[in-house]
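**Student:** If you scroll down you'll find the structure; I have some questions about it.
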Amino acid sequence: DVKVTQSSRYLVKRTGEKVFLECVQDMDHENMFWYRQDPGLGLRLIYFSYDVKMKEKGDIPEGYSVSREKKERFSLILESASTNQTSMYLCASIPPQGALTFGSGTRLTVV
Amino acid sequence: EDQVTQSPEALRLQEGESSSLNCSYTVSGLRGLFWYRQDPGKGPEFLFTLYSAGEEKEKERLKATLTKKESFLHITAPKPEDSATYLCAVRDMNRDDKIIFGKGTRLHILP
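Chains as they are written, first to last, in my numbering: chain A, 1 to 111; chain B, 1001 to 1111.
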């Protein structure tokens, strides 16, 4: 089974801090995604990547950046955390034909 | 515009009371329709993929069906452990395989 591992389940950060959320998948998938999930808003796509060093903006990229230096690892960066970035962050990967596999999520609180 | 709409938003059932969740979609080229289960504080867990109208998939008390405009997730004789949020998503082959999520149905099974 594909495994997507997010490095932290819970994080508390201060406003203005630079935050790194790490994600690793073990099935050699080229496509990886970062979503955030908020009550009433559902899953919203932040960034995705089709290959190493490639990235594409999703629906809500403002305030975020990403890094994909290795195929298995996709990092989400909050350059200067703000309270409106308090959310559940979900990483996922997908094969060419198939469904997304999600990590267990990181609950980020910015205070 | 591509859309995925799930109904109802929330559903409370007695244990053993069968029902169905609905996912209606409008995409120009369906590459797949996906159902996920999500428990509070966790990432979505993959349940089913459906590719073409008339297709059905089953797993324990769950059965997913697909028509050209909608999908149903039928829950037969549910148990309290079936309580979760159920998410529907579609993959649009005519929009660079973009994946669009519905906002989910919160299902609560009362013992």
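For every residue, glycine included, the Cβ atom is placed at its ideal position computed from N, Cα and C.
Nearest CA to the CA of residue 66 of chain A: which residue from A/105, A/60 and A/78?
**Tutor:** As a first step, residue 66 of chain A must be located in the first sequence, where it is residue number 66. Checking every option, the nearest Cα to that of residue 66 of chain A belongs to A/78.
**Student:** Taking DSSP as the reference, what is the three-state secondary structure of residue 38 of chain A?
**Tutor:** For the purposes of this step, residue 38 of chain A is taken as the residue at position 38 of the first sequence. Residue state, collapsed to three classes: strand.
**Student:** If distances are taken between C-alpha atoms only, which option among A/44, A/14, A/93 and A/49 comes closest to residue 25 of chain A?
**Tutor:** Position 25 of the first sequence holds residue 25 of chain A. That would be A/93, whose Cα lies nearest to the Cα of residue 25 of chain A.
**Student:** Taking the continuous beta strand (DSSP E) assigned at residue 30 of chain A, which residues delimit it?
**Tutor:** Residue mapping note: residue 30 of chain A aligns to position 30 of the first sequence, counting from 1. Element bounds for residue 30 of chain A: n/a, residue is neither H nor E.
**Student:** DSSP state of residue 1095 of chain B, grouped into three classes?
**Tutor:** Walking along the second sequence from the start, residue 1095 of chain B turns up at place 95. DSSP places residue 1095 of chain B in helix when its eight states are reduced to three.
**Student:** Taking beta-carbon pairs under 8 angstroms, can you tell me which members of the region 1038-1056 of chain B lie near chain A?
**Tutor:** Against chain A - using a Cβ distance shorter than 8 angstroms - the residues of the region 1038-1056 of chain B are 1041, 1042, 1043, 1044, 1045, 1046 and 1049.
**Student:** Please decide whether residue 1103 of chain B counts as near chain A, where near means a Cβ-Cβ distance under 9 angstroms.
**Tutor:** Your numbering for residue 1103 of chain B matches position 103 in the second sequence. At least one chain A Cβ lies under 9 angstroms of residue 1103 of chain B.
**Student:** Note down the Cα distance separating residue 108 of chain A from residue 10 of chain A, rounded to an integer number of angstroms.
**Tutor:** As a working note, residue 108 of chain A is residue 108 in the first sequence. As a working note, residue 10 of chain A is residue 10 in the first sequence. Computed Cα separation, rounded: 6 angstroms.
**Student:** Would a C-beta distance cut-off of 9 angstroms place residue 49 of chain A and residue 74 of chain A closer than the cut-off?
**Tutor:** In the first sequence, residue 49 of chain A corresponds to position 49, counting from 1. In the first sequence, residue 74 of chain A corresponds to position 74, counting from 1. Closer than 9 angstroms, so yes.
**Student:** So residue 88 of chain A packs on residue 105 of chain A, CB below 8 angstroms; how close in whole Å?
**Tutor:** For the purposes of this step, residue 88 of chain A is identified with residue 88 of the first sequence, where counting begins at 1. For the purposes of this step, residue 105 of chain A is identified with residue 105 of the first sequence, where counting begins at 1. Between residue 105 of chain A and residue 88 of chain A the Cβ distance is about 5 angstroms, and since that is below 8 angstroms, they are a contact.
**Student:** So which residues of chain A does residue 1034 of chain B contact, with C-beta pairs closer than 8 angstroms?
**Tutor:** Start at 1 with the first residue of the second sequence, and residue 1034 of chain B comes out as number 34. The answer, in chain order, is 99 and 100.
**Student:** Is the beta carbon of residue 1089 of chain B less than 9 angstroms from the beta carbon of residue 1100 of chain B?
**Tutor:** The residue given as residue 1089 of chain B occupies position 89 in the second sequence. The residue given as residue 1100 of chain B occupies position 100 in the second sequence. Contact flag set, yes.
**Student:** I need the straight-line Cα distance from residue 1003 of chain B to residue 58 of chain A, nearest angstrom please.
**Tutor:** Reading the second sequence from its first residue, position 3 is the one you call residue 1003 of chain B. Reading the first sequence from its first residue, position 58 is the one you call residue 58 of chain A. Answer to the nearest angstrom: the Cα atoms are 16 angstroms apart.
**Student:** Note down, in chain order, each residue of its chain lying with its Cβ closer than 6 angstroms to the Cβ of residue 7 of chain A, except the 5 sequence neighbours on either side.
**Tutor:** Walking along the first sequence from the start, residue 7 of chain A turns up at place 7. Answer for residue 7 of chain A: 22, listed in chain order.
**Student:** Quick check on the burial criterion: 16 or more other C-beta atoms within 10 angstroms. Buried or exposed for residue 1050 of chain B?
**Tutor:** Taking the first residue of the second sequence as 1, we reach residue 1050 of chain B at position 50. So residue 1050 of chain B counts as buried.
**Student:** Any heavy atom of the ligand FAD closer than 8 angstroms to the beta-carbon of residue 1086 of chain B?
**Tutor:** With respect to the ligand FAD, the structure offers nothing, as it holds no ligand at all.
**Student:** Can you list, in chain order, the residues of its chain with a C-beta nearer than 7 angstroms to that of residue 38 of chain A? Leave out the 5 residues immediately preceding and following it.
**Tutor:** Here residue 38 of chain A corresponds to residue number 38 of the first sequence, with the count starting at 1. Closer than 7 angstroms at the Cβ level, and outside the excluded window around residue 38 of chain A, lie 87.
**Student:** Cβ closer than 7 angstroms: which chain A residues qualify as neighbours of residue 1099 of chain B?
**Tutor:** Locating residue 1099 of chain B in the second sequence gives position 99, counting from the first residue. Here the neighbours are 100.
**Student:** Using a threshold of 9 angstroms, state whether the C-beta atoms of residue 1045 of chain B and residue 1106 of chain B are closer than that.
**Tutor:** Within the second sequence, residue 1045 of chain B is the residue found at index 45, counting from 1. Within the second sequence, residue 1106 of chain B is the residue found at index 106, counting from 1. Against a cut-off of 9 angstroms, the Cβ pair of residue 1106 of chain B and residue 1045 of chain B comes out as no contact.
**Student:** Closest Cβ-Cβ distance between residue 1073 of chain B and chain A: below 9 angstroms?
**Tutor:** Indexing the second sequence from 1 puts residue 1073 of chain B at position 73. By this cut-off, residue 1073 of chain B is not an interface position.
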